[in-house]
Amino acid sequence: MQNLLALTLADETPAARQGEGPTFHWKWSWRGLLELIPFETSERSLVLSAGIHGNETAPVEIVDLLLKALFTGDISLRCRVLVVLGNPPALAQNKRYLESDINRMFGGRGAQFPQGDETARALQLENSVREFFATAGPDRWHLDLHTAIRASYHVRFGVMPQRNQPWDESFLGWLGDAGLEALVFHQSPGGTFTHFTCENFGALACTLELGKALPFGQNDLSRFTPTHLALRALLSGNKPEHYSGTVERYRVVQQITRRSEAFQLHMAAHTLNFTPFRHGVVLAQDGDERYEVQKTTEYVLFPNPSVAFGLRAGLMLEKLT
Ligand SMILES: [Zn+2]
Numbered sequence: 001m002q003n004l005l006a007l008t009l010a011d012e013t014p015a016a017r018q019g020e021g022p023t024f025h026w027k028w029s030w031r032g033l034l035e036l037i038p039f040e041t042s043e044r045s046l047v048l049s050a051g052i053h054g055n056e057t058a059p060v061e062i063v064d065l066l067l068k069a070l071f072t073g074d075i076s077l078r079c080r081v082l083v084v085l086g087n088p089p090a091l092a093q094n095k096r097y098l099e100s101d102i103n104r105m106f107g108g109r110g111a112q113f114p115q116g117d118e119t120a121r122a123l124q125l126e127n128s129v130r131e132f133f134a135t136a137g138p139d140r141w142h143l144d145l146h147t148a149i150r151a152s153y154h155v156r157f158g159v160m161p162q163r164n165q166p167w168d169e170s171f172l173g174w175l176g177d178a179g180l181e182a183l184v185f186h187q188s189p190g191g192t193f194t195h196f197t198c199e200n201f202g203a204l205a206c207t208l209e210l211g212k213a214l215p216f217g218q219n220d221l222s223r224f225t226p227t228h229l230a231l232r233a234l235l236s237g238n239k240p241e242h243y244s245g246t247v248e249r250y251r252v253v254q255q256i257t258r259r260s261e262a263f264q265l266h267m268a269a270h271t272l273n274f275t276p277f278r279h280g281v282v283l284a285q286d287g288d289e290r291y292e293v294q295k296t297t298e299y300v301l302f303p304n305p306s307v308a309f310g311l312r313a314g315l316m317l318e319k320l321t
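Written out as structure tokens, the structure reads:
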């Protein structure tokens with residue numbers, strides 16, 4: 001069962017659907033979904049997901065290495081884990097998605113998209129996570145691993161879903177030790193996987209953006225070392241090594257939405273994530289609607305003029321002091 005990735009890509013069902021590893025019971029429940037329950041009782045439950053976007057392969061390779069280390073006994077498991085490879089058909093084709101972006105569909109938002117394999121998969125992921133957290137204690141984490149489409153002033157960063165309760169500083173500290181250089185705090189709900197687990201199950205959840213997307217086999221995994229090591233420590237119930245550097249914090253102040261064919265994003269195609277724009281600059285236009293920088297300085301995140309109508313073409317951020 002250490003070959004979850006290979007099975008998932010080939011769409012094969014394992015000969016046995018459950019069994020034992022060196023320090024845990026495992027259960028394969030569906031394509032790309034593997035639950036590991038340690039023999040030792042454990043307080044923490046972790047959803048570890050990757051490949052929600054099928055072309056973001058480096059984190060999938062890291063999860064594959066972690067599973068191999070667990071099954072050989074190199075890592076002793078000390079927390080409950082649900083491993084999720086999010087969009088297997090898209091992973092097999094190295095595409096972000098085949099029809100629609102799964103990471104906009106959570107919390108029932110799949111109903112707004114053409115119905116197909118990806119809307120069905122979003123529901124299946126929701127159900128698997130609900131079942132996993134149903135028997136979990138209060139210590140719940142969800143780390144959703146991604147790589148960004150474009151280059152960025154912060155090489156690795158985390159996007160935090162809107163949360164009504166304060167964030168646990170030890171969770172934010174762990175994210176810093178995992179090599180994240182910045183954390184972005186959403187102020188409103190969204191259709192992401194992490195928003196779903198945070199809102200419905202109280203999970204401390206973060207979407208980790210770990211560098212640039214490349215096809216399987218072309219990733220330089222050494223660039224992911226701090227994250228890889230922090231995940232190894234997390235699985236084995238240890239504190240990660242402290243990773244140097246301050247973690248900048250940002251909050252979302254406006255969303256740019258593409259609503260029509262007339263939409264124009266006034267940014268160069270190669271604009272880096274976290275590029276600053278000064279007060280008054282016109283960022284985008286969509287017919288009569290104009291998006292301008294409201295604060296003294298705002299920083300752009302995920303600019304993308306070619307999204308489907310009604311979806312996010314970019315986020316504008318304010319730095320927190
Ligand atoms: Zn992604």
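Here the sequence shown is numbered in the UniProt record's numbering, starting from 1 and rising by one per residue. The beta carbon of each residue, even a glycine, is placed where N, CA and C say it ideally should be.
Nearest candidate by alpha-carbon position, reference G314, set E209, F106, E43 and T271: Taking the sequence shown and counting its residues from 1, the one referred to as residue 314 is at position 314. Per the Cα distances, T271.
Alpha-carbon spacing of L214 relative to V281, whole angstroms: Locating residue 214 in the sequence shown gives position 214, counting from the first residue. Locating residue 281 in the sequence shown gives position 281, counting from the first residue. Taking the straight line joining both Cα atoms gives about 33 Å.
Alpha-carbon to alpha-carbon, V307 and G176: Along the sequence shown, one-based indexing puts residue 176 at 176. Along the sequence shown, one-based indexing puts residue 307 at 307. Each residue's Cα considered, the two are about 31 Å apart.
Selection from Y291, G32 and L77 that minimises the alpha carbon distance to P38: For the purposes of this step, residue 38 is taken as the residue at position 38 of the sequence shown. Answer by Cα proximity: L77.
The segment 153-165 in contact with the segment 192-205 per 3-pair CB rule at 8 Å: yes
Rounded straight-line distance, which links the Cα of T135 to that of H266: For this step, residue 266 is matched to residue 266 along the sequence shown. For this step, residue 135 is matched to residue 135 along the sequence shown. About 49 Å.
N304 CB to nearest heavy atom of ligand 1 below 8 Å: In the sequence shown, the residue the question calls residue 304 occupies position 304. No, ligand 1 has no heavy atom inside 8 Å of this Cβ.
Reduced DSSP category for F196 - H, G, I as helix; E, B as strand; rest coil: Within the sequence shown, the letter at position 196 stands for residue 196. If DSSP states are grouped into helix, strand and coil, F196 belongs with the helices.
Simplified DSSP state of T246, which is helix, strand or coil: As a working mapping, residue 246 is identified with position 246 in the sequence shown. Coil at T246, not helix or strand.
9 Å Cβ cutoff met for K204 and L85: For this step, residue 204 is matched to residue 204 along the sequence shown. For this step, residue 85 is matched to residue 85 along the sequence shown. Contrary to the premise, residue 204 reads as Leu rather than Lys in this sequence. Not a contact, by the Cβ cut-off of 9 Å.
Whole-angstrom distance between N200 and R232, CA atom to CA atom: Working through the sequence shown from its first residue, we reach residue 232 at position 232. Working through the sequence shown from its first residue, we reach residue 200 at position 200. Computed Cα separation, rounded: 27 Å.
Inter-stretch contact at 8 Å, needing at least 3 Cβ pairs: the segment 119-133 / the segment 250-261: no
Neighbourhood of L145 by C-beta distance below 6 Å, restricted to the same chain and skipping five residues each side: In the sequence shown, residue 145 corresponds to position 145, counting from 1. A50, P59 and L208, listed in sequence order.
Residue of L221, V293, A284 and L320 minimising C-alpha distance to V63: On the sequence shown, residue 63 is found 63 positions in, with the first residue counted as 1. Ranking the options by Cα distance to V63, first place goes to L221.
Segments of 3+ residues assigned as beta strand (DSSP E) that fall wholly inside the segment 162-236: 182-185 and 204-212
Secondary structure of N238, DSSP reduced to three states: By 1-based counting over the sequence shown, the position of residue 238 is 238. It is coil, neither helix nor strand.
N103 beta carbon near ligand 1 (any heavy atom closer than 8 Å): Here residue 103 refers to the residue found at position 103 when the sequence shown is read from its first residue. It does: the Cβ of N103 is within 8 Å (strictly closer) of some heavy atom of ligand 1.
Between the CA atoms of F196 and N103 - distance to the nearest angstrom: What you label residue 103 is simply residue 103 of the sequence shown in a count that begins at 1. What you label residue 196 is simply residue 196 of the sequence shown in a count that begins at 1. Each residue's Cα considered, the two are about 10 Å apart.
Short Cβ contact (9 Å threshold) for R150 with L180: One-based indexing of the sequence shown puts residue 150 at position 150. One-based indexing of the sequence shown puts residue 180 at position 180. Result no, Cβ atoms of R150 and L180 do not sit closer than 9 Å.
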